[in-house]
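What follows is one structure encoded as structure tokens, with my remarks underneath.
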Amino acid sequence: MTHSILFSFAHPDDESFSGVGTSMTYADRGIKTTLLTATRGQKGKCGEPALCTAEELPARRESELREAARIGSIADVHLLDYTDRELAEAPRAEIVRALVGHIRRLRPTIVATFDPDGFNLHPDHIAISRFTSDAIAAAKDPRWFADAGAPHEVTRLLWTPTMPPWEAALMPDLAGRGSVDFVLDIRKYRERKAAALRAHRTQHLSINRCFFDHAEIDAILSIEVWRQAWGPALERRPATDIFAGITV
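Per the working numbering, the sequence shown starts with residue 10, numbered consecutively.
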């Protein structure tokens, strides 16, 4: 079986906050990673000073996303083109069908998305978490969306942890936290993770606040943490490989 990873997020830059270190780690092992992004982040910032107009922002953010993905060794990016900050109102059957189609076509071993609280209660994050979970369940059942490809069963679903990455790296008791099931050492990729974050130039204010304004930035960029929503049992927590326990 050829393994692969699918990231499913709401906005351009979500992947750089949470997953590019993971992507680079496994791309170096020959494992393909793909990204689904539900919106173009058209209601985000334009930068300060502004790097584009509000009308130009969706295209600008898509360009930034694709550059960040290139830096982060994400092989393919698929945009669903829903409206930023309105994702929860997307027609459920429509977006789940779209996600099922991608899952059945890409056939990922692992899917990673936000936890059910959307990491920070952002309604778009919560929505993509719910839609992704619904799509994973439907993708393996041939009775759902029979015209969307052959059924596929995802082996493991990963969620973002309950703590933000700029706090997780500095917690002395990180391994004892209930939402910490995998801790990946990505220190060899930290300069590239920084470059992926900086690729989202229009969003520099929030990215600087969350990452680069911290004195401990090297430590923050050196790990990525994931929580197991479901999947094969782990012999120990935290594991250091998101494929731990996957034997097929």
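Even for Gly, the Cβ is constructed at its ideal location relative to N, Cα and C.
Asp23 counts as buried, since at least 16 other C-beta atoms from the protein chains shown sit within 10 angstroms of its C-beta. By the neighbour-count definition (other C-beta atoms within 10 Å, threshold 16), Pro100 is an exposed residue. Apart from sequence neighbours up to five positions away, the residues of its chain that approach Ile226 with a beta-carbon distance below 7 Å are Phe220, ordered along the chain. Of the candidates Ala157, Ala184, Thr62 and His20, the residue whose Cα lies closest to the Cα of Ile137 is His20. Annotation: Glu64 is outside any alpha helix (DSSP H) and is labelled neither H nor E by DSSP. Assignment of Ile137 by DSSP, reduced to helix, strand and coil, places it in the helix class. Under DSSP, Gln237 shares a beta bridge with Leu167. By the 16-neighbour rule on beta-carbons within 10 angstroms, Asp37 is exposed.
DSSP places Leu96 outside any beta strand (DSSP E), giving it a letter other than H or E. For Leu193, the beta-bridge partners assigned by DSSP are Glu233. Cα atoms of Glu176 and Ile14: separation of roughly 25 Å, rounded to the nearest angstrom. Per DSSP, the continuous beta strand (DSSP E) segment holding Ile119 begins and ends at Ile119 to Thr122.
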